[in-house]
Amino acid sequence: MAKKPRKPKPESIGMYFLLFAFSLNLMAAITLVPMASATAENPTCVELGTCMFANDPLNVMLMPFDSIFGGLSIVIFWSLIVGILWLRTENPMLVGLVGIVMCASYLSVLETQNLAPSVEFEGARLIGSVLFALSLGITIYHILSSRIHAAPQ
0 MAKKPRKPKP ESIGMYFLLF AFSLNLMAAI TLVPMASATA ENPTCVELGT CMFANDPLNV
60 MLMPFDSIFG GLSIVIFWSL IVGILWLRTE NPMLVGLVGI VMCASYLSVL ETQNLAPSVE
120 FEGARLIGSV LFALSLGITI YHILSSRIHA APQ
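According to numbering that gives the first Met the number 0, the sequence shown is numbered sequentially starting from 0.
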């Protein structure tokens, strides 16, 4: 009798988030490489806690990506998180709500600091709104069609 081949076990979602966090930490370490040549008499701004990384770590980590992607680096990282969530759950409403919460948190930070969102972010927000409206329409269609085709009770 031949043995059945085992199905490969899918990667856990925690592994994706772990790799994502590791890559962000690696990028932060790469941006701080010039500061590794400090001495005790001449401490760097990282050791003193006065450099830009201590004040604004997210923007320092995003500097290499902003030079490549413009203002879309945060949107690209968000899309990775939302894409992984979609692959694991396949639930359009959950993914849409998580995307709305992420967008609202980013906009609330901008509003409290009196900053204007980038032009790229406005375009990404418009596309996200259209996709959420589309998923909402698909959900309503499936709810109505399942009620219409359901057996009478």
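Just so it is clear, CB atoms sit at the ideal spot from N, CA and C, and this is done for glycine as well.
Whose CA, out of 132, 82 and 108, lies closest to the CA of residue 55?
The residue you call residue 55 lines up with position 56 of the sequence shown. If you compare the alpha carbons of 132, 82 and 108 with that of residue 55, the shortest gap goes to 108.
Just to confirm, are residue 97 and residue 74 a CB contact at a threshold of 9 Å?
Translated into positions along the sequence shown, residue 97 becomes position 98. Translated into positions along the sequence shown, residue 74 becomes position 75. For residue 97 and residue 74, no; Cβs fall outside 9 Å.
DSSP three-state call for residue 114: helix, strand or coil?
Taking the sequence shown and counting its residues from 1, one reaches residue 114 at position 115. Coil, per DSSP.
Could you pull the start and end residues of the alpha helix (DSSP H) that residue 69 belongs to?
To locate residue 69, count along the sequence shown from 1; it is residue 70. Premise fails: residue 69 is in no alpha helix (DSSP H) and is neither H nor E.
Quick check on residue 153: does DSSP put it in helix, strand or coil?
Absent from the model: residue 153. The displayed extent of the chain is 0 to 152, so no value can be given.
Are there three or more Cβ pairs, one per stretch, closer than 8 Å when the segment 119 to 136 is compared with the segment 87 to 106?
By the C-beta criterion, the segment 119 to 136 is judged to be in contact with the segment 87 to 106, since at least 3 inter-stretch pairs fall below 8 Å.
With burial defined as no fewer than 16 other Cβ atoms inside 10 Å of the residue's Cβ, what is the status of residue 127: buried or exposed?
Working through the sequence shown from its first residue, we reach residue 127 at position 128. Only buried fits residue 127, as 16 or more other CB atoms lie within 10 angstroms of its CB.
Residue 13 versus 83, 60 and 148, residue with shortest Cα-Cα distance:
By one-based count along the sequence shown, residue 13 stands at place 14. Nearest of 83, 60 and 148 to residue 13, Cα basis: 83.
Separation of residue 151 from residue 69, as counted between CA atoms
Position 70 of the sequence shown holds residue 69. Position 152 of the sequence shown holds residue 151. Rounded to whole angstroms, residue 69 to residue 151 spans 56 Å at the Cα level.
Separation of residue 7 from residue 165, as counted between CA atoms
Because residue 165 is not part of the residues shown, which for the chain are 0 to 152, the question remains open.
To the nearest angstrom, report how far apart residue 61 and residue 76 are at their CA atoms.
For this step, residue 61 is matched to residue 62 along the sequence shown. For this step, residue 76 is matched to residue 77 along the sequence shown. Note on geometry: alpha-carbon atoms of residue 61 and residue 76 lie some 10 Å from one another.
Between residue 120 and residue 71, what straight-line distance do the alpha-carbon atoms span, to the nearest angstrom?
Looking up residue 120 in the sequence shown gives position 121. Looking up residue 71 in the sequence shown gives position 72. Computed Cα separation, rounded: 7 Å.
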